[in-house]
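S.K.:
Protein chains: 2
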Amino acid sequence: MANPSFMNGVPELLILRALEPGEMYGYELVQAIRLKTNQAIRLGEGVVYPALHALESEGMLKSRRKLVNGRTRVYYALTRKGEKHLAGLVRHWQHITEAVSLAIGGTAHAAITL
Amino acid sequence: MANPSFMNGVPELLILRALEPGEMYGYELVQAIRLKTNQAIRLGEGVVYPALHALESEGMLKSRRKLVNGRTRVYYALTRKGEKHLAGLVRHWQHITEAVSLAIGGTAHAAITL
DNA sequence: ACGCCATACCTTTAGGCGCAAGGTATCAAT
DNA sequence: ATTGATACCTTGCGCCTAAAGGTATGGCGT
């Protein structure tokens with residue numbers, strides 16, 4: 020209770036969103052999300068890899084292995100189901116954040132246009 | 020993984036914020052938060068009461084019992100520690116939501132000043 | 001007088017999820 | 001040869017939400 024992270028669902032949202040433009044591999048995702056959020060959010064690998072596996076098993080992502088420089092990379096890409104799921108997540112995220120902003124009387128947030 | 024609620028820490032934040040203007044009792048808080056968020060967020064009593072107890076035991080809230088119409092009400096008020104904690108929570112909340120907006124807004128305009 | 005709903009408090013339980021920590025292996029550079 | 005970066009992964013703890021159920025009083029209509 021003392022230190023809430025406000026991070027429930029955020030990794031899933033950020034991962035799916037990061038994959039929208041095209042496939043990426045896990046290690047790449049970790050860096051990409053860090054950059055996209057101006058270092059504000061740093062997802063550890065212990066968050067990203069389990070999330071990727073869970074999302075794949077739910078049919079949100081599909082993966083393919085690729086050999087690059089003698090190393091194996093597992094690239095993940097959105098499925099159609101994953102795209103729809105992402106759209107719902109974004110709506111839900113906006114709904115919640117707007118409600119909280121309203122309640123705490125804070126200033127409105129930047130509008131997000133997809 | 021399938022249905023994240025994005026609610027981590029939100030009950031705590033909303034409860035503390037609702038108590039800023041003055042003391043309230045649990046049942047009242049449930050309604051107040053529902054109204055303040057335009058029905059968007061409905062915290063059940065099973066969320067609010069444990070949260071109140073936890074926050075009190077952490078010194079964020081203090082309570083006093085009051086008899087009204089033959090019923091006992093437990094009023095909760097912010098302590099100085101609770102006020103500071105709330106301020107930190109609000110900052111943290113804004114930090115996270117801005118970072119996420121930035122990341123998922125990506126291509127769109129997200130003028131955010133830290 | 002009776003039943004029902006709203007008020008008002010509370011606990012238990014289950015489940016999900018983030019995250020730190022630790023583990024394996026390859027490649028490049030010192 | 002040892003370090004650091006790349007790249008994958010799992011385990012286990014701990015926290016929190018939320019559903020469900022539990023107790024009791026007051027007010028309402030019939």
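Sequence lines, in order, name chains S and L.
Position in the first sequence counted from 1, then plus 19, gives you the numbering used here.
Position in the second sequence counted from 1, then plus 19, gives you the numbering used here.
Even glycine gets a Cβ: it sits at the ideal position worked out from N, Cα and C.
Only a predicted model underlies this, so the values are computations on that prediction, with no experimental measurement involved.
1. Mind checking who L86/S pairs with in its DSSP beta bridge?
2. Are the CB atoms of I123/L and V109/S nearer to each other than 9 angstroms?
3. Quick check: the region 43-58 of chain L against the region 88-95 of chain L, are there 3 or more CB pairs under 8 angstroms?
4. Taking only the alpha-carbon atoms, compute the straight-line gap between I34/L and S82/L and give it to the nearest angstrom.
5. Could you spell out where the alpha helix (DSSP H) holding T116/L opens and where it closes?
6. How would you list, in chain order, the residues of chain S whose beta-carbon sits under 8 angstroms from the beta-carbon of A118/L?
7. Is the distance from the Cβ of L80/S to the Cβ of G101/S below 9 angstroms?
8. Under three-state DSSP, which class holds A96/S?
9. Report the neighbours of R36/L on chain S: residues whose CB is nearer than 7 angstroms to its CB, in chain order.
10. Output yes or no for whether 9 angstroms exceeds the beta carbon distance between V49/L and R61/L.
11. Report the neighbours of A21/L on chain S: residues whose CB is nearer than 7 angstroms to its CB, in chain order.
12. Quick one: grab the DSSP three-state call for L33/S.
13. What do you get for W112/S, buried or exposed, if any count of 16 or more other CB atoms within 10 angstroms of its CB means buried?
14. Taking a contact to mean a Cβ-Cβ separation below 9 angstroms, would you say V119/L touches L121/S in this structure?
15. Residues in the region 87-117 of chain S with C-beta within 7 angstroms of chain L's C-beta atoms, listed in sequence order?
16. In or out: K55/L buried (at least 16 other Cβ within 10 Å) or exposed?
17. Against L33/L, what residues of chain S qualify as contacts under a CB-to-CB distance less than 8 angstroms, listed in chain order?
18. I'd like the list of long-range same chain contacts for E64/L, defined as Cβ closer than 8 angstroms, with 5 residues on each side in sequence excluded.
19. Suppose the cutoff is 8 angstroms on Cβ atoms and the five residues either side in sequence are ignored; what does the same chain contact list for P40/S look like?
20. Quick one: Cα of M20/S to Cα of S76/L, how far?
21. Give the interface partners of K74/S over in chain L, defined as CB-CB distance under 8 angstroms, in chain order.
22. Name the chain S residues whose beta carbon is nearer than 8 angstroms to that of M26/L?
23. Identify, in the order they occur along the chain, each residue of the same chain with its Cβ nearer than 6 angstroms to the Cβ of R53/L, setting aside the five sequence neighbours on each side.
M.R.: Working from what's here:
1. T91/S
2. yes
3. yes
4. 14 angstroms
5. 99-124
6. T56, N57, A59, I60
7. Yes. Within cutoff.
8. strand
9. A122, I123
10. yes
11. E77
12. Residue state, collapsed to three classes: helix.
13. buried
14. no
15. Here the close residues are V109, H111, W112, H114, I115, T116.
16. By the 10 Å Cβ count, K55/L comes out buried.
17. V119, A122, I123
18. G45, Y46, V49
19. none
20. Between M20/S and S76/L, the C-alpha separation is close to 11 angstroms.
21. Checking the displayed sequence, the identity of residue 74/S turns out to be Leu instead of Lys. Ordered by position in chain L, the residues that pass the 8 angstroms Cβ test against L74/S are M20.
22. N27, I115
23. R61
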